[in-house]
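Report on one structure; see the data block that follows.
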Amino acid sequence: MPSEQQRQQRLAALPTYRSPVWLKGGHAQTIWAKTRLPPAPPYRRQVLTDSTGQTAIPYDWIDTDCADAPLLVLFHGLEGSSHSHYARALMQAVAERGWQGCVAHFRGCGGIANTAPIAYHSGDSAEIGHYLATLRRLHPQRPLYAAGVSLGGNALAKYLGETGDAALCDAAAVISAPVDLPAASVALERGLSRRLYAPYFLHTLLPKVRAEAAQYPPFDLNAVLKSRSLGDFDNAFTAPVHGFADKNDYYRRAAAKPLLRHIRKPTLLLNAQNDPFMPAAALPRISDVSEQVYLHQPPQGGHVGFVSGSGRGHLRWLPETLLAFFEFETDPS
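Our numbering numbers the first residue of the sequence shown as 299 and each following residue consecutively.
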């Protein structure tokens, strides 16, 4: 196990994050990142199935001619896809590095409708395990690295904590994940966060649920369609459909934070201190995590923002940071 000094040395070797001097505040840094959308990488789509075997799942690949290059899989955030700003930026960097890349979509994301009797949620660590097992089967010889963003990051961290040494990836990165879901849910119910982010996500969530309602266990569709916040949605849909008593039971049982001390694979846990989705006071501390977890908490960056550089800025800092962290596993020297 690495010592605390070794962990700090490894973190110190990562690129320093600096936002553009004019881009101030967590909300601005979160929203502006979406305007920096890079060109689409050269994806190759493969359609497989989820863990239930009842719905199709798109895997969008970045291919390489190097047979032993690492494979980096990305698990996206709520209503994300391979075309989210962070996914394009990371997979473009993967292509430039000559690695194999993959964005594995959650049910109903990536342009393929969900036909399973369940959807996806922050605590679905079993689905993460299914995806990683699929990738191990397809590429048994490659080092396998996993990155999860926001919702996908919490699910990945939960999986890592639950499986310990048996986790199927060699290393991981968890980015802007609301690992303290109860605290994050309160933050998203308040003030500007509620007004900004709830309409953004509900714009796509509500039509999906309306279209797919017949395939799910019983729930109150009218209550879902009246949702005005993510808490409303989770209480009316996510909780009853996935076996939770209510939203608070869901947030408590799905949160990855209590499991972080059980992670046994090298894991970068990256959260900006001004992330609107995750209060700084709720961010994990050294006492909350195992010796294999590297806490990186820059003061700025927003929620999966991390725009850097001058002028209008760019999104290269996050991919460069993740690849630098994973390259240490490939070549520790």
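Idealized CB from N, CA, C, for every residue including glycine.
Limits of the alpha helix (DSSP H) - the one that residue i falls within
i: Gln-303; result: 302-310
i: Ala-387; result: 383-395
i: Gly-495; result: The sequence shown places Tyr at residue 495, rather than the Gly named in the question. Counting along the chain, the alpha helix (DSSP H) containing Tyr-495 begins and ends at 489-510.
i: Thr-328; result: 324-331
i: Val-522; result: 519-523
Residue i: first and last residue of the uninterrupted beta strand (DSSP E) it sits in
i: Gly-667; result: This structure leaves residue 667 out entirely; the chain is present only between 299 and 631.
i: Ala-471; result: 469-473
i: Tyr-592; result: 591-594
i: Gln-344; result: 342-347
Burial state of residue i (16 or more Cβ within 10 Å)
i: Cys-364; result: exposed
i: Val-319; result: exposed
i: Thr-536; result: buried
i: Asp-518; result: exposed
i: Thr-333; result: exposed
i: Ser-301; result: exposed
i: Asp-358; result: buried
i: Gly-609; result: exposed
i: Lys-545; result: buried
i: Met-299; result: exposed
i: Thr-461; result: buried
i: Ala-346; result: Reading off the sequence shown, one finds Leu at residue 346, where the question assumed Ala. Label assigned to Leu-346: exposed.
i: Pro-497; result: exposed
Helix, strand or coil at residue i [DSSP, three-state]
i: Ile-410; result: coil
i: Gly-446; result: strand
i: Gln-359; result: The amino acid at residue 359 is misidentified as Gln; the sequence shows Trp. In this structure, Trp-359 counts as strand in the three-state DSSP scheme.
i: Thr-619; result: helix
i: Ala-482; result: helix
i: Leu-454; result: helix
i: Phe-373; result: strand
i: Ser-423; result: helix
i: Arg-434; result: helix
i: Leu-528; result: helix
i: Ser-606; result: strand
i: Ala-354; result: strand
i: His-601; result: coil
Cβ pair residue i, residue j closer than 8 angstroms
i: Ser-474; j: Glu-425; result: no
i: Leu-621; j: Arg-395; result: yes
i: Lys-555; j: Pro-582; result: yes
i: Ala-453; j: Thr-565; result: no
i: Ala-553; j: Pro-480; result: yes
i: His-428; j: His-540; result: no
i: Ala-471; j: Leu-568; result: yes
i: Val-602; j: Leu-558; result: no
i: Ala-331; j: Phe-604; result: yes
i: Leu-616; j: Ala-387; result: yes
At 3 residues or longer, what runs of the beta strand (DSSP E) sit wholly inside the stretch 539-573? 565-568
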